[in-house]
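Single-structure report; data block below.
Chains as they are written, first to last, in the numbering used here: chain B, 1 to 447; chain H, 1001 to 1343.
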């Protein structure tokens, strides 16, 4: 009788094991690559840059796009590498993200929430963007952040300064590098006290939307804490162009400080109007009348021209910083485009690098893995000193710049001078601070 | 009391801008029967005439100063305006300083030309089309002009200052017996008010006391009969379009120092000006002026804190609220005539 090692049962067993073994990598790879939204499959990965290309913030949007293109160039190994060389995490190799070449699509937010959501949706659904970033308004940022949370992609916020973005409207998929209204107030208040004293009466003009409200609340609380009295808080419609009828009542309100919680075109016009009305030449309560603009940007300072001279405010970053990261960024941006980058350009460049770096460290584009890599991440070398991406609310904590409109600019870009670099510790607050309370991060959504 | 005087001044100032734009709109509507949604864009182009002249006067020769460096650490390129090179530092600086008033001289011919091209090139083809078509085509034209300006000048506001002599403000308080510093008003805004009063007066005088004006008024009343009398009314109406464009343009030039011009400033004024025209009565020139000042003053009073405390948000809706009330009481507007837009 001939014997054989091959039995029917044995064959089945071996076949099952071999089959399972062969199938296993497929199952595993499916697990790590296609169980999340827009998992990249080819040799490229697509990022979605959602910036205002039309509308009142189009110049800021254009500067953001320049910075994004520069970041993509650096990530793919082109150019001089910019801040990749100074970034404390050295996970980025200049070979794209996780070996895939970085490509991008752009959308136009028009600084309108519905348009911004539509363009983000199109980039996610049609173009397969695995991450959305950008924007120059808190209303837009909050709307797009909500959309990304629902869609299951990461949102790296651009220029958004409302407390709510990482406060009551925070989302697990959303991350903000830019500072916020509370931080501006915490940094500004001590400088204002030093310059203008403890006994002051402040009058607030505030843009009537999420950013204005939280900015007003923050700066009023911070100045009241040091002894200032708030005389009045007046909300102005976002669409206002002439602020004369809001400025006129300031004259006889008894106030000796005007706080302009305005941004962009609103700030340019309200500040110009206030100076036209001679507020800065007035003496009230025996003191010089002063104007404060809590959130400054160089592009706005340019619009307001001479009127910004000597006026205090805060900013996230300025090209005149002399740390290695800032210098590297200004050099590569300035060489490519012929002028220094704005704070909007800086924050979005950082956000792109931070996202790419988190993917490298996580070994995946999966939003949950990327989120985990960003939460509690400490880094340095991106122009703001030591920075923490706090896990509790996805807000970056870093130094804040207090700036002043420069009296004698040396060139057309030299509009703001840094008065003080406020250390991160001084602008840090508890995650459950009342100004940020009310929302939940929730769970990350991978789509 | 002082607050009321201050807001009255403000209202007159706002109203003068509304009235100037509404006057041009009404002129075009009354003569050509066209609802011109591009009129705000003409105001904006006027302001950009001032911006352009300022830029032209600042065209500079470049020299390298090796002792200073730019933001990248390269030797600094020092720019000196050619005007300063040609006329000397003092005269040159004075010419640059006065760029806004000088821009009036440039803006008038440019705006008449723009108006002429608009009317002959596009709008004349829409005379016999429904008002909805006219609104669509002129609105489209406004968007095109706006985008062209944005392409050339960027999206951000460009500061265009008044001459140094008119910076600062005048203390009315002293004059009226109030405490100093209570009622102060910027010089340039007062000039703007006086300027609009002169322009409005000039347009009325032109229509009232010249033969040309008489023919135009006759044409506004009965175009067909005037045509039958052998008068080429179309040619005169084209000229009126140019004049209306020039009025909007110089209003824009003078407005430039009040708020730094940007590409969408025309749209900001357009909607309000239409409300002004409707409230004043379609086709009525005095109505447009009256309604312009009235709404400007009401808007100023509505933004007073005392009023806002009683009616929160009233400043945002006052103009439209007034328009609704007036149209309910007087459906043809304040001074509207029977038969206009009613066929």
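Where is the CB? At the ideal position from N, CA and C, for every residue including glycine.
For clarity, every value in this text was computed on a predicted model and none was experimentally measured.
Annotation for residue 1082 of chain H: 1059, 1060, 1061 place their beta carbon closer than 8 angstroms to its own, counting only its chain and skipping 5 residues before and after. In this chain, the alpha helix (DSSP H) harbouring residue 1237 of chain H covers 1233-1255.
Within 8 angstroms of the CB of residue 1260 of chain H, the CB atoms of chain B belong to 268, 269, 272, 303, 304, 305, in sequence order along the chain.
In the structure shown, residue 227 of chain B adopts coil according to DSSP, grouped into three states. Note that the C-beta distance between residue 64 of chain B and residue 345 of chain B is below 7 angstroms.
The beta carbon of residue 340 of chain B sits closer than 6 angstroms to the beta carbons of 319, 330, 334, 413 from its chain, once the five residues preceding and following it are set aside; these are given in chain order. For residue 131 of chain B, the secondary structure class from DSSP, reduced to helix, strand or coil, is strand.
Assigned with DSSP and collapsed to three states, residue 289 of chain B falls in coil, not helix or strand.
Taking 7 angstroms as the cut-off, the Cβ atoms of residue 96 of chain B and residue 76 of chain B count as close. The Cβ atoms of residue 1245 of chain H and residue 1115 of chain H sit closer than 7 angstroms to each other.
For residue 1075 of chain H, the secondary structure class from DSSP, reduced to helix, strand or coil, is strand. Taking a C-beta cut-off of 8 angstroms against chain B, the contacting residues of the segment 1188-1209 of chain H are 1188, 1189, listed in chain order. Per DSSP, residue 302 of chain B is not a residue of any beta strand (DSSP E); the alpha helix (DSSP H) it occupies stretches across 298-304.
Under the DSSP assignment, residue 1306 of chain H falls in the alpha helix (DSSP H) whose first and last residues are 1305-1310. By the Cβ rule, the segment 1002-1014 of chain H counts as touching the segment 245-257 of chain B, because three or more pairs are nearer than 8 angstroms. Below the 8 angstroms Cβ cutoff, chain H contributes no neighbours of residue 344 of chain B, its closest Cβ being approximately 12 angstroms away. Look at the beta carbons and you see the segment 352-366 of chain B not touching the segment 134-143 of chain B: under three pairs across the two are nearer than 8 angstroms.
Residue-level contact check: residue 171 of chain B does not touch chain H, since none of the beta carbons of chain H fall below 7 angstroms from its beta carbon.
Distance from residue 277 of chain B to residue 1169 of chain H at the Cβ level is roughly 6 angstroms; contact confirmed, criterion being Cβ atoms closer than 8 angstroms. For residue 1048 of chain H, there are no neighbours in chain B by C-beta distance under 7 angstroms, as the nearest C-beta there is about 15 angstroms away.
Residue pairing by DSSP places residue 395 of chain B opposite B:176 in a beta bridge. Taking 7 angstroms as the upper bound on Cβ-Cβ separation, chain B lies near no residue of the segment 1097-1125 of chain H. Where residue 314 of chain B is concerned, the enclosing beta strand (DSSP E) starts and stops at 312-315. Of all residues in the segment 233-266 of chain B, the ones placed with a Cβ closer than 7 angstroms to any Cβ belonging to chain H are 234, 237, 241, 242, 244, 245, 246, 248, 249, 251, 252, 265, in chain order.
Counting only runs of 3+ residues, the beta strand (DSSP E) found wholly inside the segment 194-238 of chain B occupies 201-207, 229-236, in chain order. The beta-carbon of residue 1169 of chain H is placed less than 7 angstroms from the nearest beta-carbon of chain B. Contact between residue 293 of chain B and residue 321 of chain B does not hold, since their C-beta atoms are separated by about 20 angstroms, which reaches or exceeds 8 angstroms. Rounded to whole angstroms, the gap between the alpha carbons of residue 1124 of chain H and residue 415 of chain B is 48 angstroms.
Rounded to whole angstroms, the Cβ separation of residue 1265 of chain H and residue 1019 of chain H is 17 angstroms, and the two are not in contact under 8 angstroms. Out of H:1078, H:1053, H:1057, H:1051, the CA that lies nearest to the CA of residue 1064 of chain H is found in H:1078.
The C-beta separation of residue 230 of chain B from residue 129 of chain B comes to about 44 angstroms, leaving the pair out of contact by the 8 angstroms criterion. When the five nearest sequence neighbours on each side are left out, the beta carbons in the same chain lying within less than 8 angstroms of the beta carbon of residue 1174 of chain H are those of 1180, in order along the chain. The Cβ neighbour count for residue 1128 of chain H, taken over all protein chains shown within 10 Å, is under 16; the residue is labelled exposed. Only residues of its own chain outside the window of five on either side were considered, and among them 1044, 1045, 1048, 1263 have a CB closer than 8 angstroms to the CB of residue 1149 of chain H, listed in chain order. Secondary structure at residue 434 of chain B: helix, using DSSP grouped into helix, strand and coil. Only buried fits residue 53 of chain B, as 16 or more other CB atoms lie within 10 angstroms of its CB.
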